[in-house]
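The structure appears below as structure tokens.
Numbering (the working numbering), first residue to last: 78 to 209.
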């Protein structure tokens, strides 16, 4: 007796929406990060966007797992995005007073942005193949 594995396309759709949120938050993080160097007091906005992004990344992993997709690339990419966001969040919290860390922080943000775009495409392909 075998149990059939039915992919839930709605979970993939919600994961795609969460990925779009991560992309928008990454762009918002970039703008608030740059605004801090121009003398604006946007540290709270920067921190809140990071916290929301962390929750969105965890939601993406959860939704991909709940979709019951067998696509290992999709699972790996979602875990990768969450891992890099956690690393980025940790760097932001640990080195808030050290200005040189912004060099590492900015490069990681660009990697997160590119990875989120690739993940959105992978989710879209998986969703399209299961939403007939």
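Even glycine gets a Cβ: it sits at the ideal position worked out from N, Cα and C.
Pair within 9 Å by beta-carbon distance, residue i and residue j
| i | j | result |
| --- | --- | --- |
| residue 137 | residue 96 | yes |
| residue 155 | residue 196 | yes |
| residue 200 | residue 89 | yes |
| residue 144 | residue 107 | no |
| residue 165 | residue 192 | no |
C-alpha gap between residue i and residue j, whole angstroms
| i | j | result |
| --- | --- | --- |
| residue 202 | residue 132 | 24 Å |
| residue 118 | residue 111 | 11 Å |
| residue 114 | residue 153 | 35 Å |
| residue 169 | residue 159 | 15 Å |
| residue 198 | residue 109 | 26 Å |
| residue 134 | residue 207 | 23 Å |
| residue 180 | residue 163 | 17 Å |
| residue 205 | residue 175 | 45 Å |
| residue 120 | residue 178 | 15 Å |
| residue 171 | residue 116 | 21 Å |
| residue 94 | residue 167 | 25 Å |
| residue 140 | residue 161 | 18 Å |
| residue 190 | residue 142 | 22 Å |
Open item on the list: Pairs of beta-carbons, one from the stretch 126-134 and one from the stretch 81-88, closer than 8 Å: are there three or more?
Closed with: no
TODO: List in chain order: all unbroken alpha helix (DSSP H) runs of 4+ residues lying wholly within the stretch 114-194.
DONE: 120-143, 149-171
Task: Cβ pair count under 8 Å reaching 3, the stretch 110-126 against the stretch 140-150 - done: no
TODO: May I ask you to verify whether the stretch 185-197 touches the stretch 99-115, counting CB pairs closer than 8 Å and requiring at least 3?
DONE: yes
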